[in-house]
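Numbering (this note's numbering), first residue to last: 240 to 681. Cβ coordinates follow ideal geometry from the N, Cα and C atoms, glycine included.
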Amino acid sequence: MAKIKSAYRQVGALSLGVVAALLTACGGGGGSTGDNGGSTTGPVVSSQAGPVSVTLPTYGGYEYWMAYQDGDGPWKAATRSADGFSFQVEDKAGKYAVMLVQEANSPRTADLPPSVLAYHLTRAESANIDLRPLPDSRTDYMTVQFTQQGAPASGTCAVALGSRASTSGGCDTLASRRLSVPMARMDAFAVHLNDSGAADALVIQRDLDMRSITALNFDFTKAVALPAPSQTSALTGYVPIAGETLSRMASLVSRSGQIRLALGSQTTLAYPLVPAGALRSDDTYVVSATARMVQGTVTARRSASYQSAVGAAQPLTLPPYAGPLALGGSAARPTMTWTPVTGSTLTDIFALDLSGLGPTIDFTFSAGWIGGARTVTYTVPDLTGLGWKPSWNLNRQTRMTVYYTESFTSRPTPAYFAGLPSEKVEDQTSWFTQMSSEVSIP
């Protein structure tokens, strides 16, 4: 299936511990409602009314349908333009919603199910939902022969191609691996990790054209020697939950690649800084803490991270687990009720049909659209009069994996709200809390 959104935001949560949310046929509702605890009218602000555009992906094999909502008004069918859709928002708060369907229209994509994406945003957050993939985002599976020379006999070696493909193991066991690799110019890294989990040697190969490379050799006799860890990131306020595992990681991230610099399972993580002479101006450090637990069919994760150009250590605090997410209504018009996590800038609810036959559903709700509501109840609108097809509804008598995600970033960009990676490299802090569970559609 061609994914408009990247996988990094397609994770989520249902109720943890007691019972997974079930989808039951109990009628439907309409629109969205929220309890904001009796908030009062705030200061007068300038109108956020104005145009909104949706720029479609540039890959072929698909056709698109879209409807939109201006504020809390009626849904309307959108008119297609050369590169997507556009419409005018008159709502003074700039609040709008988009329902977009991507459907196969060629023999190459005929077996792929439709994707239904809904965005509920404000113009202040994003006035252009740009769904075009980054230039270097196309991937393909290929077999790469890894070899190394000069690495210490003890410890672990890790290699990485771009930001997606990586492998690790004993330094003398690097071999042929089949990986999903971007078909573009990219950076390749190899590190030697000592017994404490920190990198002490780094080999960098920049701007490799993976369309013509099938073998990579990393020469550790010419590696950049990394000093002993000088930065220590602490995880504050962490109280482990029974069955929860904790992992810490520090990585060096380039424009077209990344490699781990330290791994750990304690609340503190010590990591080295790479000598300045080996770095480029847009290289950056990303340090994270992630807790994970599994209870039956429910998988839960919560994570916090920071990105820093200089790599200076910062403390991290994990968010609470999100949930529960209550599902009701019908397969054609499901209803979702949840309580946003305090401080969240984005809620994402994603459903994947495990049979591979039904549509993929991905609904996004921004903090601006939610407007401070403590509880949100949302019913998928009835758009049959605007060209909505029955094949875009959830299939009955099927099982789905449903993900519910709450996330925060200190640097929200239009790409963040669209669910795509950003080309901007900025220092920032972020967190997400997510769970997933299988549900049955009666």
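Determine the burial state of residue 628: buried for a count of at least 16 other Cβ atoms within 10 Å of its Cβ, exposed for fewer. exposed
If you reduce the DSSP assignment to three classes, tell me which class residue 304 lands in. strand
Three-state secondary structure (DSSP) of residue 481: Here residue 481 sits in coil by DSSP.
Residue 535 versus residue 542 - alpha carbon distance: 21 angstroms
Does the contact criterion of 3 or more C-beta pairs under 8 angstroms hold for the region 384 to 395 versus the region 453 to 465? yes
Give the C-beta separation of residue 565 and residue 639 to the nearest angstrom, bearing in mind that I take them to be a contact with Cβ-Cβ under 8 angstroms. Actually they do not touch by this definition, with Cβ atoms about 15 angstroms apart.
By DSSP, does residue 609 sit in helix, in strand, or in coil? helix
Would you mind reading off the limits of the beta strand (DSSP E) that contains residue 560? Counting along the chain, residue 560 falls outside any beta strand (DSSP E), and DSSP gives it neither H nor E.
Tell me, which residues are paired with residue 476 by DSSP? None, per the DSSP bridge assignment.
What is the DSSP secondary structure of residue 627, counted as helix, strand or coil? coil
Quickly, what does DSSP pair residue 645 with across the bridge? List them, please. 586 and 672
Between residue 553 and the rest of its own chain, which residues show a CB-CB distance below 8 angstroms, the 5 nearest in sequence each way excluded? Excluding positions up to five away in sequence, the list reads 472, 526, 545, 547 and 668.
Which residue comes first and which comes last in the alpha helix (DSSP H) that contains residue 654? 653 to 657
Residues bridged to residue 453 by DSSP? Paired residue(s): none; residue 453 is not in a bridge.
According to DSSP, is residue 334 part of a helix, a strand, or is it coil? strand
If I measure Cβ to Cβ from residue 395 and keep anything under 8 angstroms in the same chain, skipping five residues before and after, which residues do I get? 407, 408, 409, 410, 431 and 432
Just the Cα atoms here: how many angstroms apart are residue 575 and residue 649? Rounded to the nearest angstrom, the two C-alpha atoms are 27 angstroms apart.
Within 10 Å of its beta-carbon, does residue 347 have 16 or more other beta-carbons around it, so buried, or fewer, so exposed? Burial state of residue 347 is exposed, judged by a 10 Å Cβ sphere holding fewer than 16 other Cβ atoms.
Is it a yes or a no for the region 508 to 524 touching the region 435 to 445, going by three-plus beta-carbon pairs under 8 angstroms? yes
In this structure, what does DSSP give as the bridge partners for residue 360? Answer is 335, bridged to residue 360.
Does the Cβ of residue 479 have 16 or more other Cβ atoms within 10 Å, making it buried, or fewer, making it exposed? exposed
Mapping the DSSP letters down to three states, classify residue 269 as helix, strand or coil. Low confidence applies here, because residue 269 scores a pLDDT of 42, under 50, leaving its location unreliable; read the following figure in that light. Residue 269 sits in coil when the DSSP states are folded into three classes, being neither helix nor strand.
Where do the ends of the beta strand (DSSP E) carrying residue 461 lie? No beta strand (DSSP E) contains residue 461, which DSSP labels as neither H nor E.
Which residues in the same chain have their Cβ closer than 6 angstroms to the Cβ of residue 475, if we skip the five residues on either side of it in sequence? 554 and 556
Nonlocal neighbours in the same chain, by C-beta distance under 8 angstroms from residue 444, ignoring five residues either side: 426, 427, 428, 455 and 457
How about residue 584 and residue 646: are their beta carbons less than 8 angstroms apart? yes
Minimum length 3: unbroken beta strand (DSSP E) runs contained in the region 483 to 532: 484 to 493, 496 to 503 and 507 to 510
Counting only the same chain and skipping the five closest in sequence on each side, list residues whose C-beta sits under 8 angstroms from that of residue 371. These residues qualify, in order along the chain: 294, 295, 296 and 297.
Determine the closest residue to residue 446 out of 434, 461, 497 and 490, with distance taken between C-alpha atoms. Nearest of 434, 461, 497 and 490 to residue 446, Cα basis: 497.
Counting along the chain, where does the beta strand (DSSP E) carrying residue 446 start and finish? 438 to 448
Pick helix, strand or coil for residue 298, following the three-state DSSP scheme. coil
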